[in-house]
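To convert a position in the sequence shown, counted from 1, into the numbering used here, add 13.
Data block below; observations after.
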Amino acid sequence: MILLSSIIDTFMAQFLEQYQGAVLPSHLSALDAMHNCRTSCSPLMLAECPECEHQIFVPHSCGHRNCPHCQHNESQQWLERQLQKQVPAEYFLLTFTLPAELRTLAWEHQRILYSLMLRCAWETVRLFVQNDKQLQGMAGAIAVLLLRLALFRG
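This is the structure we're talking about:
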């Protein structure tokens with residue numbers, strides 16, 4: 014497995030040279046934390062085997078919220094909590110796309126147009142479920158608005 018710290022080692026100088034004016038102090042802090050995560054630069058803790066009493070110093074993790082080493086456990090726990098909330102039903106992903114002809118209008122009137130789009134999408138789903146004998150039941154929905162700004166400005 015490739016460690017993030019080795020990627021930072023390899024490309025940090027080139028990255029800073031290329032983006033020196035755009036790199037925020039918070040980015041540098043994150044890169045520094047992840048680069049030193051669980052290395053000899055980190056504070057050490059003493060770990061002891063309860064059976065043989067062998068002791069070893071182990072470097073601490075950085076704890077940064079963007080560090081994949083540190084946040085793996087937390088993100089796994091979050092995912093397990095979300096799965097426990099799942100309703101015992103079939104799920105489907107439906108995507109509704111705004112036609113290209115409406116993008117300028119949407120850019121100029123975002124609140125109104127997106128509200129209408131989500132309402133129309135929900136009404137369409139609700140009517141399909143209501144009129145289809147095989148679906149039998151009531152539809153529920155979680156709507157997510159995904160904006161790809163490059164499409165609007167092009």
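For each residue, glycine too, the CB sits at the ideal point set by N, CA and C.
The structure presented is a predicted model; accordingly, all values stated were derived computationally and were not measured.
Out of curiosity, what's the CA-to-CA distance linking residue 138 and residue 89?
Going from the Cα of residue 138 to the Cα of residue 89 covers about 32 Å.
Looking at the structure shown, is residue 61 part of a helix, part of a strand, or coil, going by DSSP?
Correct three-state label for residue 61: strand.
Let's test the definition: count the other Cβ atoms within 10 Å of the Cβ of residue 109 and tell me whether it reaches 16, buried, or not, exposed.
Exposed, by the Cβ-count rule.
Under 7 Å: does the beta carbon of residue 142 sit that close to some heavy atom of the ligand MN?
Summarising the ligand content, the structure contains no ligands, and the ligand MN is consequently not present.
Within a Cβ cutoff of 6 Å, which residues of the same chain sit near residue 61, ignoring the five residues on either side of it in sequence?
These residues qualify, in order along the chain: 68.
Let me confirm a value: residue 47 is counted as buried when at least 16 other C-beta atoms fall within 10 Å, else exposed. Which label applies?
Burial call: buried.
Consult DSSP for residue 70 and reduce its assignment to one of helix, strand or coil.
DSSP places residue 70 in strand when its eight states are reduced to three.
In angstroms, rounded to a whole number, what distance separates the CA positions of residue 36 and residue 79?
About 16 Å.
Would you decide whether residue 83 is buried or exposed? Buried here means 16 or more other CB atoms lie within 10 Å of its CB.
That one is buried.
Flag this pair as yes or no: are the beta carbons of residue 126 and residue 134 separated by less than 8 Å?
No, the Cβ-Cβ distance between residue 126 and residue 134 is not below 8 Å.
Please report how far the alpha carbon of residue 73 lies from the alpha carbon of residue 29, in whole angstroms.
Between residue 73 and residue 29, the C-alpha separation is close to 26 Å.
Taking its Cβ as the centre, do 16 or more other Cβ atoms sit within 10 Å of residue 54, making it buried, or is it exposed?
With fewer than 16 other Cβ atoms within 10 Å, it is exposed.
Give the list of continuous alpha helix (DSSP H) stretches no shorter than 4 residues that lie fully inside the stretch 94–146.
Qualifying alpha helix (DSSP H) stretches, in chain order: 116–121 and 123–144.
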